[in-house]
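Notes follow once the structure below has been shown.
Structure follows, in structure tokens:
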């Protein structure tokens, strides 16, 4: 029989590959990024320590502030719309009807594709000036706009794509809805509460922990959007979709200013940490953990 020490050593032996990988590939990479943020590094020569110059230059960088504005706007619209769409569809798919499994699978499918290059290319073709959407509008005599080429509409093409891929949140909401005790709805019905009141006073409070989780994860994910911007808009037109991670990528792999890109990465970490902390700290006012 193994002693507790032997059992622990066996367990650590099995998880050691993951621990080693996390130590070198995650923690090590983060520490190296923090170091590069204070250097001038172009991949061709050794990093040169320059102190906080990168951060000073970022503060005075107009493109940095443009990327902040466009990213925050994208997050502020796409995340709530995605939550609303996923919750409403989850409620519709809660019904036990024939073929419901197929409906759920079809609606979940876009989220499996995620930020793939193929989806981005297809989306670009769909919203092209001569694409299917404008062709459909033309049938009714409506002149379709330059969706991607217009600074006023380009960002909404990306927002619509983000909302369309709500399958993951929908599945989580669906699981949560199935856990809501039916006795609560029965009691509310006896008290004369309408379906709308039941939604706001029963469904939403019971789903609040799931809403919190989807909100937090969705916000972090929205800040990290890259592939869609790279393929569909390229940060344009007129920098209207110059999202933060895409701008970071430009500095790293177009201008080869790795030190500057590392500083941008550090700032992004701080921004996400602040917003995530705000969501977490305010959750105590609206998240209900009582069953």
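In our numbering, the protein residues as written are 146 to 436. All C-beta atoms, glycine included, are put in the ideal place defined by N, C-alpha and C.
For the stretch 288-372, there is no continuous beta strand (DSSP E) assignment of 3+ residues that stays within its boundaries. Residue range 198-204 is occupied by the alpha helix (DSSP H) that includes residue 198.
From the listed residues 162, 352, 186, 415, the smallest Cα separation to residue 433 is found for 352. Cβ contact annotation for residue 208 (same chain, cutoff 8 Å, sequence separation greater than five): 384, 387, 392, in chain order. According to DSSP, residue 185 shares a beta bridge with 193. Spatial neighbours of residue 322 in its own chain (CB-CB distance under 8 Å, excluding positions within 5 residues in sequence) are listed in chain order as 235, 236, 239, 348, 352. Judged by their CB atoms, residue 408 and residue 397 are not nearer to each other than the 8 Å cut-off. Counting along the chain, the unbroken alpha helix (DSSP H) around residue 211 starts and ends at 207-237. Here residue 382 is near residue 294, since their CB atoms are less than 8 Å apart.
Distances from the alpha-carbon of residue 309 to those of 400, 205, 231 put 231 closest. Rounded to the nearest whole angstrom, the C-alpha separation of residue 221 and residue 421 is 14 Å. When the beta-carbon positions are compared, residue 202 and residue 183 stay at least 8 Å from each other. Residue ranges of uninterrupted alpha helix (DSSP H) with 4 or more members, entirely inside the stretch 240-264 and ordered along the chain, are 245-258.
Non-local C-beta neighbours of residue 248 in its own chain, meaning closer than 8 Å and more than five positions away in sequence, comprise 238, ordered along the chain. Counting the other Cβ atoms within 10 Å of the Cβ of residue 292 gives 16 or more, which makes it buried. In its chain, beyond the 5 residues on either side, 183 have a beta carbon closer than 8 Å to the beta carbon of residue 196.
The DSSP-derived three-state label of residue 285 is coil. Around the beta carbon of residue 228, 16 or more other beta carbons lie within 10 angstroms, which makes this residue buried. A residue is called buried when at least 16 other Cβ atoms come within 10 angstroms of its Cβ; residue 170 does not meet this threshold and is exposed.
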